[in-house]
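Undergrad: Got a structure for you, questions after.
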Amino acid sequence: MHIVEITLENNYGYQDFFVEGLKRHSEFFKISPQEQRPGFFPTKCTPHSFTLAALDENEKLMGVVSFQLLMEDRKKLAHKGELIRMYVSSENKGKNIGTILIEQLIERVKTQLPDIEQINLNVATRNETAKKLYTKLGFEHFGTERNAIKFEGKYIDDDYMSLHIKR
Numbered sequence: 011m012h013i014v015e016i017t018l019e020n021n022y023g024y025q026d027f028f029v030e031g032l033k034r035h036s037e038f039f040k041i042s043p044q045e046q047r048p049g050f051f052p053t054k055c056t057p058h059s060f061t062l063a064a065l066d067e068n069e070k071l072m073g074v075v076s077f078q079l080l081m082e083d084r085k086k087l088a089h090k091g092e093l094i095r096m097y098v099s100s101e102n103k104g105k106n107i108g109t110i111l112i113e114q115l116i117e118r119v120k121t122q123l124p125d126i127e128q129i130n131l132n133v134a135t136r137n138e139t140a141k142k143l144y145t146k147l148g149f150e151h152f153g154t155e156r157n158a159i160k161f162e163g164k165y166i167d168d169d170y171m172s173l174h175i176k177r
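Here it is, written out as structure tokens:
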């Protein structure tokens, strides 16, 4: 396995891979597979944002994660960014791929984006596996949005977490 930055032009089938995640775990994402626009790429045309991917020896996607600045055009928020669109395929669970992707994301933010002081994320309150991973990597819970998602007639809360990389 190796970690690479992927782009819209060189994305190793990101669209199909991520739609698979949306289908398998619909209750944990804020968009449905049908709402994923064809050709959409999360960090396209966004300076200081990036998407990392774990690839197997055959260059097949195993997991992805993206980072974006939080409201890039607002100076008062320029110290924050967001971890978004984290997904590891079901067949690759338990291989530490999520840990490696997030560690590399954090390291890249620290070394290449020196103005970023904290990384925020949100995660479905019921997604215990993801919350455990984020907590292990130093993210701390700072709030809960009740009824953040309405999926198949049921409400799902979102937990907000933050990692302070500079204090």
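Take 11 as the starting number for the sequence shown in this note's numbering and just add one per residue.
From the three backbone atoms N, C-alpha and C, an ideal C-beta is built for every residue, glycine too.
Can you tell me whether F152 is buried or exposed, with buried defined as 16 or more other CB within 10 angstroms of its CB?
TA: Position 142 of the sequence shown, counting from 1, holds the residue named residue 152. Exposed is the call here.
Undergrad: Spell out the partners DSSP gives Q78 in its beta bridges.
TA: Within the sequence shown, the letter at position 68 stands for residue 78. Answer is E92.
Undergrad: Between the beta-carbon of I126 and the beta-carbon of V133, is there less than 7 Å?
TA: Position 116 of the sequence shown holds residue 126. Position 123 of the sequence shown holds residue 133. No, these two residues do not count as a Cβ contact at 7 Å.
Undergrad: When the Cα of L18 is compared with those of I107, M72, G49, which residue comes out closest?
TA: Residue numbering aside, residue 18 sits at position 8 when the sequence shown is read from its first letter. The option with the nearest alpha carbon to L18 is G49.
Undergrad: Using only the heavy atoms of the ligand ADP, determine whether one of them is closer than 6 Å to the beta carbon of T135.
TA: Absence of the ligand ADP is noted for the structure shown, with no ligands found whatsoever.
Undergrad: Please determine, among E92, A88, I159, N68, the residue with the shortest C-alpha to C-alpha distance to S42.
TA: Start at 1 with the first residue of the sequence shown, and residue 42 comes out as number 32. Comparing Cα positions, the closest option is I159.
Undergrad: Kindly indicate which three-state DSSP category G49 falls into: helix, strand or coil?
TA: Numbered from its first residue, the sequence shown carries residue 49 at position 39. DSSP places G49 in coil when its eight states are reduced to three.
Undergrad: Measure the alpha-carbon distance for Q25 versus T61 and round it to whole angstroms.
TA: As a first step, residue 25 is located in the sequence shown; it is residue number 15 there, counting from the start. As a first step, residue 61 is located in the sequence shown; it is residue number 51 there, counting from the start. Their Cα atoms are separated by approximately 13 Å.
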